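Novice: Numbering (UniProt numbering), first residue to last: 1 to 531.
Idealized CB from N, CA, C, for every residue including glycine.
The model shown is predicted, which means the values in this text are computed figures rather than measured ones.
Below: one structure in C-alpha cells.
This is the structure:
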C-alpha cells in the first residue's frame with residue numbers, strides 16, 4: 001500500500017495541473033445592454049456649416065382662407081446628452097430599453113470568420129448559455145436588435161459559409177426599430193471581459209405634434225402618414241445598414257389626446273427607408289372646431305437620415321394680421337407674433353409712419369442685462385454699463401428650439417427676446433425693404449428696415465436703424481456707432497465659443513451672425529416676440 005501512495009499523489013497533482021491549464025485556455029465574456037442612443041446629425045456629417053445651428057426644414061400651406069398650417073421638422077437636440085467613445089454626440093433613448101427586449105450577439109475572428117452567436121433577453125442575460133472564447137484572442141463582436149420581445153430572425157447564410165461580410169438577417173415588418181453595435185475586444189482568462197452594449201438606432205423616428213392653440217379650437221380628430229416606407233428589410237451585420245424590401249406602403253401616424261389643442265402621435269413606428277430627401281408627410285384628415293380638411297401635404301421633400309430622432313411640429317395659426325397680444329400691439333406673421341415697437345418706445349405711437357422719427361428709437365441693452373445702458377436718442381452709455389460679460393443663459397434658459405424666458409429677459413409679460421431661428425423666420429416670411437437715407441449720423445433717426453408679410457401686404461414691421469453702443473477690445477464703452485446706417489438687434493442665441501448672435505442690416509446687406517465675444521458688452525436694441 002505504501003508503494004502506491006506516491007503514485008496516487010502524483011496522479012492527483014497532474015490532474016490538478018491539467019485542470020488549471022483547461023481553465024486558463026478560455027475567457028468568459030459577460031454581456032450587458034448599457035444604453036440605446038439616437039445619432040446626432042453632426043456625427044453623421046449632415047450638420048449645417050455652423051455647428052450650433054440646428055438643421056431645420058420648414059414649410060407653410062393654407063388650411064383655408066382664414067388659417068395657415070406652419071410645419072417644421074428638426075432633429076432632436078443633443079446638447080444635454082452623452083458623448084460616445086468615438087467622439088460623436090448621441091441622445092439616449094430610454095423608451096426602447098424595454099425589459100424582455102431581445103437582442104443577438106455574434107462573434108467573428110480577426111479574419112472575419114464566424115465563431116458563434118447568442119440570443120439574449122434584456123434582464124435575463126444569465127439564462128443564456130455562457131459565452132466562453134479562446135484566451136488571448138481578439139474578436140469582433142456584433143450586436144443587433146429590433147427592439148421587440150419576440151424572437152430574432154435567423155442569421156444567414158449557413159454557419160459553414162458565414163462571415164462578417166456576408167452575415168444578414170431578413171426582417172418581415174418594417175415599423176420595428178433597428179439597433180446595432182460593434183466592438184473589437186481581446187478576450188483574456190482570469191479577468192472580467194465585459195461587453196457593455198450601447199446600441200445605436202439605424203432607422204429614423206419622427207414624433208409629430210399638431211398645435212391649434214392660436215385658433216382657439218380643439219382638434220377633435222386627426223390621422224396622417226409618411227412615405228416612402230417598406231414592409232420589410234434585409235440587415236447587413238457588417239455595419240448595421242439595411243436595404244428596404246417587401247411592399248412599398250405608408251407608415252401610419254396615430255394621435256393621442258384628441259379633443260385638445262395640442263396632440264402628439266402615439267405610435268413609435270420607425271420609417272423603413274434609406275437616407276433620402278423625398279420623404280412625404282400627409283395629414284390624411286383633420287378636424288379643428290368646425291373645420292374639416294383632408295389630404296393636406298405639409299412636406300413633399302423632407303430630408304431624413306437613418307438613426308436620427310426628429311420632431312415635426314405643425315402649428316395651425318390664423319392668417320397674417322395685426323392683433324393686440326397680452327396688451328401689446330403686435331403683428332402675427334406666419335404664426336409668430338412680434339411686438340410693433342422696440343423696447344423703450346411708447347407702444348401707442350404709429351409703428352410704421354411715412355417718416356421714422358426719434359420717438360420710435362428704443363433703448364439700448366447689453367447682452368443678458370435687464371436694464372438699459374442708453375435711451376434711443378443718447379450718444380453715450382449711462383452708469384448702467386457693465387464691463388463684465390453676462391451669462392449666456394440670462395435671456396434664454398432653454399434651448400434654441402425650445403426657448404425659455406431667462407431671468408434677465410426684459411420683454412413684457414407674454415413676450416421674450418427672439419432666438420436666432422425666430423429672427424431668421426422673420427427674414428424668410430417677409431419681404432425686406434428700406435426707408436430713409438441709411439447714412440451714418442448721430443442725428444439721423446429716419447432710416448429703417450421694413451418687413452412686409454408675404455401673405456398679407458397690409459401687415460408690416462418697421463425696425464429703425466439705431467446703430468449700437470460700441471466698445472473697445474478692452475471692454476470700454478465708446479458710445480453710439482452707425483446710427484442711421486445700420487440695424488443692430490439682439491437675439492438670445494449664443495453659439496459655443498462665440499459671442500451672441502445679432503441681426504445686422506445695412507443699406508445693401510443682411511447678416512445674422514455672432515462676430516466675437518466682445519459683443520457681449522456692446523449695447524443693442526431689442527424687438528420682442530410672443531412666447
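1. Using the Cα positions of residue 425 and residue 178, report the straight-line distance between them to the nearest angstrom.
2. DSSP state of residue 196, grouped into three classes?
3. With residue 30 as the anchor, note down where its beta strand (DSSP E) starts and where it stops.
4. Is the number of C-beta pairs between the segment 307-323 and the segment 191-206 that are closer than 8 angstroms three or more?
5. What do you get for residue 524, buried or exposed, if any count of 16 or more other CB atoms within 10 angstroms of its CB means buried?
6. Distance, Cα to Cα, residue 69 vs residue 335?
7. Considering only the alpha carbon of each residue, which of 168, 187, 73, 143 lies closest to residue 210?
8. Cα separation between residue 461 and residue 452?
9. In terms of residues, what are the limits of the beta strand (DSSP E) holding residue 57?
10. Judging by CA-CA distance, which residue of 104, 506, 248, 477 is the nearest neighbour of residue 433?
11. In this structure, how does DSSP classify residue 477 when only helix, strand and coil are distinguished?
12. Distance check for residue 466 and residue 487, CA to CA, integer angstroms please.
13. Is residue 296 near the ligand GTP, judged by its Cβ being under 8 angstroms from some heavy atom?
14. Do the CB positions of residue 283 and residue 226 come within less than 9 angstroms of each other?
15. Who pairs with residue 291 in a beta bridge, going by DSSP?
16. Rounding to the nearest angstrom, what Cα-Cα distance links residue 449 and residue 71 in this structure?
17. From 232, 159, 376, pick the residue whose C-alpha is nearest to that of residue 442; which is it?
18. Give the straight-line distance between the Cα atoms of residue 56 and residue 75, rounded to the nearest whole angstrom.
19. When the Cα atoms are used, what is the spatial distance from residue 249 to residue 174?
20. How would you label residue 124, buried or exposed, when you count the other beta carbons within 10 angstroms and need 16 or more for buried?
21. What is the C-beta distance between residue 337 and residue 529, in whole angstroms, given that I count them as a contact (C-beta under 8 angstroms)?
22. Whose C-alpha, out of 146, 193, 117, 181, is nearest the C-alpha of residue 159?
23. Among the residues of its own chain, which have a CB less than 6 angstroms from the CB of residue 240, if the five just before and after it don't count?
24. Going by beta carbon distance, what residues of the same chain come within less than 8 angstroms of residue 130, once the five residues before and after it are set aside?
Specialist: Let me lay it out:
1. Computed Cα separation, rounded: 35 angstroms.
2. It is a strand residue.
3. Here the beta strand (DSSP E) through residue 30 covers 26-39.
4. Because the criterion of three Cβ pairs below 8 angstroms is met, the segment 307-323 and the segment 191-206 touch.
5. Residue 524 should be labelled buried.
6. So the two alpha carbons sit approximately 9 angstroms from each other.
7. Shortest Cα-Cα distance from residue 210 to any of 168, 187, 73, 143 involves 73.
8. Distance between the alpha carbons of residue 461 and residue 452: 7 angstroms.
9. 57-62 is the extent of the beta strand (DSSP E) around residue 57.
10. Of 104, 506, 248, 477, the residue nearest in Cα terms is 506.
11. Residue state, collapsed to three classes: strand.
12. Going by the C-alpha atoms only, they are around 6 angstroms apart.
13. Summarising the ligand content, the structure contains no ligands, and the ligand GTP is consequently not present.
14. Their beta carbons are not under 9 angstroms apart, which means residue 283 does not touch residue 226 by this criterion.
15. Beta-bridge analysis with DSSP links residue 291 to 288.
16. The straight-line gap from Cα to Cα measures roughly 27 angstroms.
17. Nearest option by C-alpha distance: 376.
18. Rounded to the nearest angstrom, the two C-alpha atoms are 7 angstroms apart.
19. Rounded to the nearest whole angstrom, the CA to CA distance from residue 249 to residue 174 is 10 angstroms.
20. Sixteen is the threshold: since fewer than 16 other Cβ atoms of the shown chains lie within 10 Å of the Cβ of residue 124, the residue is exposed.
21. Confirmed, about 7 angstroms.
22. The candidate whose alpha carbon is nearest that of residue 159 is 117.
23. Closer than 6 angstroms at the Cβ level, and outside the excluded window around residue 240, lie 180, 202.
24. Within the same chain, residue 130 has close Cβ partners 28.
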